[in-house]
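Enquirer: Shown below is the structure under consideration.
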Amino acid sequence: MLDYCIRAAGPDDVDGARAVMLDTVYRDFATGYVPRWHADIIDPAAAYLAPARHTLLVALDPADGAVVATAALDSRGPAHPPNPRALAERYPSGGTAQLRRVYVRPGHRRRGLARRLVAELLAFAAADGGYRAAYLHTDPAVPGAEAFWRSLGKVVHDERDDPGRGGHGIVHFELAMGR
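According to my numbering, the sequence shown holds residues 77 to 255 in order.
Written out as structure tokens, the structure is:
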């Protein structure tokens, strides 16, 4: 295992973090960049560095210092729509730490980076003191994503079980904050 530096992103990390995020949505997701879903990617400083209860973590390659992974957390619960109403009610904004943008460049996967980043996000949420739950959603079509999140949390809703309800096939999870 390489000795990656994981830290809270600063202004100098924003361009590298944005590049990892954009590369991921174009390479790994069938959607590419969609402004209504990915606006935070264009301005991660405003989304994650400025608000006190939000954070953006980066992992740096020990060889060259490049950003090779990201993980973010904000205080916005899942919105309805597009998410099911019951989830929006269960995970309200302000009391919910939503994990976002846990992305690792392909050449750096399978080294424990995502797991380490998630542990840091959950520690941040617990230290905040105002979050009552940690929530995230994932697209099970992304290779490895569903299995990874199932290893860390519990499924609270699987849209694939909602035939005819207009869902997007997304799987929603809750993670323990480890207080």
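Where is the CB? At the ideal position from N, CA and C, for every residue including glycine. None of the values given here were measured: they were computed from a predicted structure.
Look at the alpha carbon of C81 and the alpha carbon of G240, and state the distance between them as a whole number of angstroms.
Expert: In a straight line, the C-alpha of C81 is about 45 Å away from that of G240.
Enquirer: Please report how far the alpha carbon of V90 lies from the alpha carbon of P127, in whole angstroms.
Expert: So the alpha carbons of these two residues sit roughly 15 Å apart.
Enquirer: To which residues of the same chain is H156 closer than 6 Å at the C-beta, ignoring the five residues directly before and after it?
Expert: These residues qualify, in order along the chain: A164.
Enquirer: CB L228 to CB L149, shorter than 8 Å?
Expert: In this structure, L149 does not lie closer than 8 Å to L228 by Cβ.
Enquirer: Whole-angstrom Cβ separation of D204 and R129, contact assumed at under 8 Å?
Expert: At roughly 6 Å, the Cβ-Cβ gap stays under 8 Å, so D204 and R129 are in contact.
Enquirer: Return the residue from the list H184, A147, M97, T172 that minimises the CA-CA distance to R208.
Expert: The shortest C-alpha separation from R208 is found at T172.
Enquirer: Could you spell out where the beta strand (DSSP E) holding A148 opens and where it closes?
Expert: A148 -> beta strand (DSSP E) spans 143-150.
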